[in-house]
Structure formats: structure tokens, C-alpha cells
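A.B. asks: Keeping their order, the protein sequence lines are chains A and B.
Using our numbering, the letters of the first sequence correspond one by one to residues 1 to 284.
Using our numbering, the letters of the second sequence correspond one by one to residues 1001 to 1210.
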Amino acid sequence: MTSGDDYRILFDEPGPRARRTIRIVTAVSIVVGLVLAGLAVRQFAINGQLAADKWRMFTEWPYQRFLLTGLVKTLQAAAVCTVLALPLGALLALARLSGTRLLRWPATVFVELFRSVPALLLVYVFLLGLPRFGIVLPVFWQLVVPIVISGTATVAELFRAGVLSMERGQFEAAYSVGLTPGQAMRLIILPQVVRRLVPVLVTAVVSLLKDTTLGYVVSYSELLNSGRTLAQYTQALVQTYLVVAVLYIVVNGLLSRLAAHLEQRQRRRGTAPIRAEAVVTLVT
Amino acid sequence: MRYLPDLLGGLVVTLELTVLSFLGALVLGTLLGVARVSPVRSLRAFGAAYVGALRNVPLLVLLVLFVFGLPDVGVTYSLFTSAVICLALYAAAFVCETVRSGIRTVPLGQAEAARSIGLTFGQALRHVILPQAFRAMVQPLANVFIGVVLGTSLVAAVGVADLTNRGSALTLRYDEPLIVFAWATAFYVVITLGSGVLAGRLERAVRINR
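Quick look at the structure:
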């Protein structure tokens, strides 16, 4: 992940002409970037959005506290989703890999179904559909349950890919010392899979955290929904949403960096971490 | 069944959103991917910053910022256009990362050979590296595509009448909640599983057997 050193192979050590070209492209790109940034700032200025009173509230503690409370609720929801989705996903993967048809088929259907359905649609089922049948969850769970359902399906695919990527020799060695398939899975395979999955599971947490923005729909006062409340109260919409976006980028950026760091450490130690994009995307 | 025409209208919107924004993301993401492996440090830095920001901001936050925030600074597009722009900008970050790891799958000798016959960085990428990289990227790109399909549902939250939005609206109007959701679910499953199958075929068709 370093600044492009891994791609040195794509270009030679630049000679005098190449260096000149690089200098020109650098200069042009910086000028273009500055012009674009200038235009953006101008756009803010001519619409009066740079006025100090449109931004001052972010330096005042009551407003800061309001947004931070939202951030804490986001983290709480994300933590509950993680604590539920990771173990459930692992169990579901084991069910899908098991030799018993009675376990394998329902698990397969669950995973394939809920991987294909957007979490927001599930939110609406819990928000608008189930109350008709007298099933009304508290707001927190109206947000968390749909995210856990779709997150579990995603995590299950990660675990399954992890188990399938194990060398066959690991299974064979375990069986040859007399372990049953269940013991082999529990004592030999899973511990290794979990270790190799850690970076990608951190990325999965990022995507669970992003999903908690659906609190905007169920009116659970997490960060985005708090942002909306604040924006409506202060009439500083673009400022508030920019600040909210930056907060998300900081929190998720830290998690993403942790994932990249763990992955590189594993690579250095010679274990091949499992890459997410081969199996599923953690896009939304 | 009286709600089905409405729901099909939503399906069309979802498909339009998906196709337009995926194409946009493909172009922008490839350019960003090239920037990230280029010899120019300022372009690499820009690519890295873009990916760092857009991969970590939730799509819904981007949509809300675009739809409700940007009109304040004089940037107004129709809801549909805003949705396409947001989805394309967002997915481009994932396409960029896919292009980067796709380039990594091309054997080193290919790049060396391209350089040794005198191709420049741009020529080597265009004629030698990217054509091979894209073959390895079919499956990851299909995953991004499926991510875009599921991501389009979030436009429902800002008021675009897509499949999810129509599904919830029809649920409120008629007294058959679960049937409407079942139809919407079925449409999503068909799109995602269908594109998965197509991607598998495409991958086999363009694969290089080394």
C-alpha cells in the first residue's frame, strides 16, 4: 500500500525527458487541482455559505456534544451489529459447509437470499411490513436486526471462503491423527481461518458501521440522523452534512487503516491474508 | 397484483441507476487506478486521497450531502442525476482498488517486455497491462456491480422512486405488505444472481490460461 513503489516495475527510472514530462504533468495537475478547489470555495462564498455564523456552532460545545452523542450511538449500533453478525456468520458458514443436508440447504438459501437483498429493503420490512402483524421492534432493533441479517450473510461468505482457501493437507493431517471432521474444523482449521480473516473482518465492520446510517430512515438518532436534526435546526445544511461526512471518514478511515496494517503484518509473517474482493464486495 | 405495474416502474429506475452509475464508475475508477500507479507523485496522492475519502464515507451520507446540502451552494441537479453522480463517485473508489489489484495480477515479465520494446508508461498500460488486468478483474468488478445494485436502494431514502422506494410506498397504500416486499426481493435476487451468472460466463470466456 506504499505510495506506488510496488508499481516501479511499470515504468523505468525516469531519464531527463521523462523527468521533464513528469514535472509538467505534476505542475498541470496541481494547477488544475487548485483551480477546482478555488471554484468550490468561490461557490461557497457567492452563496454566503462561508459566513462565520454558518460555521461557528461547530466550535461550541452544545453542538459538538449533540454530534458526538450521535457518533457514540453510531458506534454502539455498529458494535452490537458486529458482536451479533460475526459469530452468527461463522456459524452459518459452518452450516453451509456441513455434510448434513438439513443444515446445508437452509444455510445456503439464507446466505444467497440476504446477500442479494439491500439492507434498506429489510429495514422497510421491519418498519412497515411486520407492524401490520403486530410485530413492532424498539427503534434500536429496527435498525440493528436488518443490518445483522444482511451482515451475517456477508460474513458467512467470508468465513466460507476462508475455510475453502485452507490447504487440503491441513484437513488430511487432522484426519490422519484421528480427529473427527468436527474436531478438525474446531481445533485445526477455524483457528487458522480466523487469524487470516482478521483484516477482512475489520473491513466488514466498516461496512456494518456504514449500514448504521440507515438510522436516518428509522429515526434512530445516530450520527447521520443527528446531523439532519442539527441541519434543520440551524439551517446550515451543507456545513453540517460536510462535518458529518468528515466524522465518518475519520472513524472509518482509522478502521480501514487498521485493516491494511493487519494485512501487511500478516504478509510480512508469511501468512496469506484472505482478500475480500475475491468473494464479496463490502460496498454499501 | 394491481401494484405490479408501479413496482415494475421502480425496477426500471433501479436498472437505469445501476447501469448509468456503473458505467460512470468504470471510467472514473479506471482513470483513478491508472493515476494511482503512475510515475507522477501528485496524481498518486490524489488517487489515494480520493479512495481514502470515498471508500470510508457511507453512501447515504454522500447522497444526503448531495441532495440536501449542495443546493445551498448553488449546485442543483435533478434527484435522478444526483443519485447517478453519487453512486458513480462512490463506486469509482472500489473500481479503482479493483484496477490496482488487477494490475498486480499481470506477471512482471509483461511490463518488462513492454518497456524493453520501447513502449512508454501510457502505451504499456493501454496495450499490454490493462487488457490483461481486466480479464482478471471480471469477478471483482461483478462484485462491485452487485454492490451498485444493492447501493441504488439507498436512493429510496432521499426520495428517488426506485424499486425499494416503490415497495415501501405501495406497502403503505395497499394492505398486502409482505407480498409487495416479496416481489421486490425477488427482483433484486434475479438481478444480483443473474449478473453473478453472467459474470461467471464472461470470466470463462476471457480468461487467460497461463
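We put the beta carbon where it would ideally sit given N, CA and C, even for glycine.
The structure presented is a predicted model; accordingly, all values stated were derived computationally and were not measured.
Between which two residues does the alpha helix (DSSP H) holding His261(A) run?
C.D. replies: Stepping through the first sequence from its first residue, residue 261(A) is reached at position 261. Its alpha helix (DSSP H) spans residues 237-268.
A.B. asks: What are the start and end residues of the alpha helix (DSSP H) that includes Phe44(A)?
C.D. replies: By one-based count along the first sequence, residue 44(A) stands at place 44. Note, Phe44(A): alpha helix (DSSP H), 16-46.
A.B. asks: Cβ atoms of Gly1009(B) and Leu121(A): under 9 Å apart, would you say?
C.D. replies: By one-based count along the first sequence, residue 121(A) stands at place 121. By one-based count along the second sequence, residue 1009(B) stands at place 9. Their beta carbons are not under 9 Å apart, which means Leu121(A) does not touch Gly1009(B) by this criterion.
A.B. asks: Taking Asp1072(B) as the query, report the chain A residues whose CB atoms sit under 7 Å from its CB, ordered along the chain.
C.D. replies: The residue labelled residue 1072(B) in the question sits at position 72 within the second sequence. Counting only Cβ-Cβ distances below 7 Å, Asp1072(B) has contacts in chain A at Asn47, Gln49, Leu237, Val238, in chain order.
A.B. asks: When DSSP labels each residue in this structure, what does Thr59(A) get in the three-state scheme?
C.D. replies: Translated into positions along the first sequence, residue 59(A) becomes position 59. It is helical.
A.B. asks: Is Gln264(A) close to chain B, meaning its C-beta is less than 9 Å from at least one C-beta of that chain?
C.D. replies: Reading the first sequence from its first residue, position 264 is the one you call residue 264(A). With 9 Å as the cut-off, Gln264(A) does not count as an interface residue toward chain B.
A.B. asks: Could you pull out every unbroken alpha helix (DSSP H) segment of at least 4 residues lying fully inside the segment 89-164 of chain A, listed in chain order?
C.D. replies: Listed in chain order, the complete alpha helix (DSSP H) runs (minimum 4 residues) inside the segment 89-164 of chain A are 101-115, 119-124, 139-164.
A.B. asks: According to DSSP, is Tyr1077(B) part of a helix, a strand, or is it coil?
C.D. replies: Indexing the second sequence from 1 puts residue 1077(B) at position 77. Here Tyr1077(B) sits in coil by DSSP.
A.B. asks: Would you tell me roughly how many angstroms separate the C-alpha atoms of Leu164(A) and Thr271(A), rounded to the nearest one?
C.D. replies: On the first sequence, residue 164(A) is found 164 positions in, with the first residue counted as 1. On the first sequence, residue 271(A) is found 271 positions in, with the first residue counted as 1. Between Leu164(A) and Thr271(A), the C-alpha separation is close to 16 Å.
A.B. asks: Would you call Ser116(A) buried or exposed, if buried means 16 or more other Cβ atoms sit within 10 Å of its Cβ?
C.D. replies: Sequence index remark: in the first sequence, residue 116(A) carries index 116 (1-based). Its Cβ being crowded by 16 or more others within 10 Å, Ser116(A) is buried.
A.B. asks: Can you tell me the Cβ-Cβ gap for Thr82(A) and Leu1060(B), rounded? I've got them flagged as a contact below 8 Å.
C.D. replies: Taking the first sequence and counting its residues from 1, the one referred to as residue 82(A) is at position 82. Taking the second sequence and counting its residues from 1, the one referred to as residue 1060(B) is at position 60. Their Cβ separation, rounded to whole angstroms, is 19 Å, which puts Thr82(A) and Leu1060(B) out of contact at 8 Å.
A.B. asks: Within the same chain, show all residues whose beta-carbon is closer than 7 Å to that of Arg1044(B), passing over the 5 residues directly before and after it, in chain order.
C.D. replies: Locating residue 1044(B) in the second sequence gives position 44, where the first residue counts as 1. Ala1035, Arg1036, Ser1038, listed in sequence order.
A.B. asks: Which residues in chain B sit within 9 Å of Lys210(A), going by Cβ to Cβ distance?
C.D. replies: In the first sequence, residue 210(A) corresponds to position 210, counting from 1. Near Lys210(A) (Cβ distances below 9 Å), the residues of chain B are Asn1056, Val1057, Pro1058, Leu1059, Leu1060, Val1061.
A.B. asks: Quick one, which residues of the segment 243-264 of chain A are near chain B if we go by CB-CB under 7 Å, in chain order?
C.D. replies: Val244, Ala245, Tyr248, Ile249, Asn252, Gly253, Ser256
A.B. asks: Taking just the CA atoms, how far does Tyr175(A) sit from Leu1108(B)?
C.D. replies: Locating residue 1108(B) in the second sequence gives position 108, where the first residue counts as 1. Locating residue 175(A) in the first sequence gives position 175, where the first residue counts as 1. Distance between the alpha carbons of Leu1108(B) and Tyr175(A) is about 40 Å.
A.B. asks: So what's Tyr1003(B) in DSSP terms, helix, strand or just coil?
C.D. replies: As a working mapping, residue 1003(B) is identified with position 3 in the second sequence. The answer is coil: DSSP assigns Tyr1003(B) none of H, G, I, E or B.
A.B. asks: Which bits of chain A does Tyr1188(B) rub up against, with CB to CB less than 8 Å?
C.D. replies: Position 188 of the second sequence, counting from 1, holds the residue named residue 1188(B). In chain order: Ser116, Val117, Pro118, Leu121.
A.B. asks: Please classify Trp61(A): is it buried, with 16 or more other beta-carbons within 10 angstroms of its beta-carbon, or exposed?
C.D. replies: Counting from one through the first sequence, the residue named residue 61(A) turns up at place 61. Counting Cβ neighbours within 10 Å, Trp61(A) comes out exposed, since fewer than 16 surround it.
A.B. asks: Given that Asp12(A) touches chain B, what residues does it touch there, using C-beta distances under 8 Å?
C.D. replies: Working through the first sequence from its first residue, we reach residue 12(A) at position 12. Against chain B, the beta carbon of Asp12(A) has neighbours under 8 Å at Arg1115, listed in chain order.
A.B. asks: Between the Cα of Phe1080(B) and the Cα atoms of Thr1018(B), Phe1181(B), Ala1184(B), which residue gives the shortest distance?
C.D. replies: Position 80 of the second sequence, counted from the first residue, corresponds to residue 1080(B). Closest option to Phe1080(B), Cα to Cα, is Thr1018(B).
A.B. asks: Could you pull out every residue in the same chain whose Cβ sits closer than 7 Å to the Cβ of Arg1100(B), ignoring the five residues on either side in sequence?
C.D. replies: Within the second sequence, numbered from 1, the residue matching residue 1100(B) stands at position 100. Here the set comprises Gly1033, Arg1036, Val1037.
A.B. asks: How would you label Gly162(A), buried or exposed, when you count the other beta carbons within 10 angstroms and need 16 or more for buried?
C.D. replies: The residue given as residue 162(A) occupies position 162 in the first sequence. Gly162(A) comes out buried.
A.B. asks: Starting from Ser226(A), follow the alpha helix (DSSP H) in both directions and report where the run begins and ends.
C.D. replies: Counting from one through the first sequence, the residue named residue 226(A) turns up at place 226. In the DSSP annotation of this structure, the continuous segment of the alpha helix (DSSP H) that includes Ser226(A) starts and ends at 223-234.
A.B. asks: In angstroms, rounded to a whole number, what distance separates the CA positions of Leu1193(B) and Ser1021(B)?
C.D. replies: For the purposes of this step, residue 1193(B) is identified with residue 193 of the second sequence, where counting begins at 1. For the purposes of this step, residue 1021(B) is identified with residue 21 of the second sequence, where counting begins at 1. Computed Cα separation, rounded: 19 Å.
A.B. asks: Compute the distance between the beta-carbons of Phe140(A) and Tyr220(A), then report whether it is under 9 Å.
C.D. replies: Mapped onto the first sequence, residue 140(A) falls at position 140. Mapped onto the first sequence, residue 220(A) falls at position 220. Against a cut-off of 9 Å, the Cβ pair of Tyr220(A) and Phe140(A) comes out as a contact.
A.B. asks: Could you compute how far the alpha carbon of Leu1011(B) sits from the alpha carbon of Leu1163(B)?
C.D. replies: Reading the second sequence from its first residue, position 11 is the one you call residue 1011(B). Reading the second sequence from its first residue, position 163 is the one you call residue 1163(B). C-alpha separation (whole angstroms): 5 Å.
A.B. asks: Following the continuous alpha helix (DSSP H) through Ser207(A), name the residue where it begins and the one where it ends.
C.D. replies: Taking the first residue of the first sequence as position 1, residue 207(A) is located at position 207. 190-211 is the extent of the alpha helix (DSSP H) around Ser207(A).
A.B. asks: What distance in whole Å lies between the Cβ atoms of Phe1066(B) and Cys1086(B), which are believed to be in contact at a cut-off of 8 Å?
C.D. replies: Here residue 1086(B) corresponds to residue number 86 of the second sequence, with the count starting at 1. Here residue 1066(B) corresponds to residue number 66 of the second sequence, with the count starting at 1. Indeed they touch by this definition, with Cβ atoms about 5 Å apart.
A.B. asks: Can you give me the start and stop residues for the alpha helix (DSSP H) that Ala1184(B) sits inside?
C.D. replies: The count along the second sequence starts at 1 and reaches residue 1184(B) at position 184. Here the alpha helix (DSSP H) through Ala1184(B) covers 1177-1206.
A.B. asks: Would you call Asn1209(B) buried or exposed, if buried means 16 or more other Cβ atoms sit within 10 Å of its Cβ?
C.D. replies: Within the second sequence, the letter at position 209 stands for residue 1209(B). Counting Cβ neighbours within 10 Å, Asn1209(B) comes out exposed, since fewer than 16 surround it.
A.B. asks: Would you list, in sequence order, the uninterrupted alpha helix (DSSP H) runs of no fewer than 4 residues that lie entirely inside the segment 1091-1137 of chain B?
C.D. replies: 1108-1116, 1121-1124, 1130-1136
A.B. asks: When the Cβ atoms of the segment 21-40 of chain A are set against those of the segment 185-200 of chain A, are three or more pairs found closer than 8 Å?
C.D. replies: Per the Cβ contact rule, the segment 21-40 of chain A is not in contact with the segment 185-200 of chain A (fewer than 3 Cβ pairs under 8 Å).
A.B. asks: So, is Ala51(A) buried or exposed, given that buried needs 16 or more other C-beta atoms within 10 angstroms?
C.D. replies: Within the first sequence, numbered from 1, the residue matching residue 51(A) stands at position 51. It is exposed - the Cβ of Ala51(A) has fewer than 16 other Cβ atoms within 10 Å.
A.B. asks: I want to verify the contact list: residues of chain B whose CB lies under 7 Å from the CB of Phe44(A), in sequence order.
C.D. replies: As a working note, residue 44(A) is residue 44 in the first sequence. Neighbours of Phe44(A) on chain B, chain order: Val1073.
A.B. asks: Ala173(A) to Glu112(A), Cα distance in whole Å?
C.D. replies: Numbered from its first residue, the first sequence carries residue 173(A) at position 173. Numbered from its first residue, the first sequence carries residue 112(A) at position 112. Cα-Cα distance, rounded: 32 Å.
A.B. asks: What distance in whole Å lies between the Cβ atoms of Val1073(B) and Val238(A), which are believed to be in contact at a cut-off of 8 Å?
C.D. replies: Residue mapping note: residue 238(A) aligns to position 238 of the first sequence, counting from 1. Residue mapping note: residue 1073(B) aligns to position 73 of the second sequence, counting from 1. Going by Cβ atoms, the distance from Val238(A) to Val1073(B) rounds to 6 Å, so yes, they are a contact pair.
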